[in-house]
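**Q**
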Amino acid sequence: MTELTHETMEQTMRDYFEACNAGDVEAVASYFTDDAVHYFPPGMYRGPFEGGRTIGERWSEAVETIGSVWTVDSVLTDPENAKAVMEWTHFKTKEGTVLRGDEWYEFDPETGLIREIRAYYAAPQSPDLDRHELGGFDYEGRGYPLEPPIERDSSL
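Residues 1 to 156, numbered by full-length UniProt numbering, are exactly what the sequence shown covers, in order.
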């Protein structure tokens, strides 16, 4: 059993994103309960991802096909209620687009694993926009990443 603390919850979320950036299916799956679900806004990513392995496969596919790179921008945790929220940036390097949003996490208090993620986006994902961000928000001035922290080969 992993004790849920501010530190363990935040580290789990950061390690999960590191595994996503590596496109490592098994590593991603290891952060989830067997019945975990990752929800998205309507029409996104062919619906919810169900199960840790599926979550890992889908993010690995995103790394391969659209050059996904994610950053953790801000984290708040509530160990007493086994919940947390993370603000993130998703760079789709092969498309030249940026998507920002946040995710609400529910942890299993017995195992310390993630059992649910609910993703909310800063704006509807429009094919007409290169950057999906809050209008008028000073991302640069507040220290948010403006470029992906790692390079992806755009020729793939």
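Built from N, CA and C at the ideal position, the CB exists for glycine as well.
1. Should the segment 16 to 26 be called in touch with the segment 55 to 66, which here means at least 3 C-beta pairs below 8 Å?
2. Quick test of your reading: residue 107 and residue 117, contact by CB under 8 Å. State the CB separation rounded to the nearest angstrom.
3. Using three-state DSSP, classify residue 54 as helix, strand or coil.
4. Skipping 5 residues on each side, what residues in its chain have a beta carbon closer than 8 Å to that of residue 70?
5. For residue 41, count the other beta carbons within 10 Å of its own beta carbon; 16 or more makes it buried, fewer makes it exposed. Which is it?
6. Buried or exposed for residue 68, going by 16 or more other Cβ atoms inside 10 Å?
7. Could you have a look at residue 117 and say whether DSSP puts it in helix, strand or coil?
8. Whose CA, out of 3, 26, 31 and 140, lies closest to the CA of residue 13?
9. Who are the near neighbours of residue 25 in its chain, counting only those whose CB is closer than 6 Å to its CB and skipping five residues on each side?
10. Around the C-beta of residue 77, are 16 or more other C-beta atoms found within 10 angstroms, so that it is buried, or is it exposed?
11. What separation, rounded to the nearest whole angstrom, lies between the Cα atoms of residue 37 and residue 139?
12. Let me check one thing: in DSSP terms, what residues is residue 106 bridge-paired to?
13. Any heavy atom of the ligand SAM closer than 7 Å to the Cβ of residue 76?
**A** In this structure, then:
1. Result yes; three or more Cβ-Cβ pairs closer than 8 Å.
2. Position 107 of the sequence shown holds residue 107. Position 117 of the sequence shown holds residue 117. Contact between residue 107 and residue 117 is ruled out by a C-beta separation of about 10 Å, above the 8 Å threshold.
3. What you label residue 54 is simply residue 54 of the sequence shown in a count that begins at 1. Here residue 54 sits in helix by DSSP.
4. Locating residue 70 in the sequence shown gives position 70, counting from the first residue. Hits under 8 Å: 17, 20, 21, 88, 89, 90 and 91.
5. Sequence index remark: in the sequence shown, residue 41 carries index 41 (1-based). That one is exposed.
6. Within the sequence shown, the letter at position 68 stands for residue 68. It counts as buried.
7. As a working mapping, residue 117 is identified with position 117 in the sequence shown. Reduced to three states, the DSSP call for residue 117 is strand.
8. Taking the first residue of the sequence shown as 1, we reach residue 13 at position 13. Here the closest residue by C-alpha is 31.
9. For the purposes of this step, residue 25 is taken as residue 25 along the sequence shown, with counting starting at 1. Within its own chain, the residues whose Cβ lies closer than 6 Å to the Cβ of residue 25, once the five positions on either side in sequence are excluded, are 56, 57 and 60, listed in chain order.
10. Your numbering for residue 77 matches position 77 in the sequence shown. Buried.
11. Indexing the sequence shown from 1 puts residue 37 at position 37. Indexing the sequence shown from 1 puts residue 139 at position 139. C-alpha of residue 37 to C-alpha of residue 139: approximately 30 Å in a straight line.
12. As a working note, residue 106 is residue 106 in the sequence shown. Residue 106 pairs with 83 and 116.
13. The model on display carries no ligand, and the ligand SAM is accordingly not part of it.
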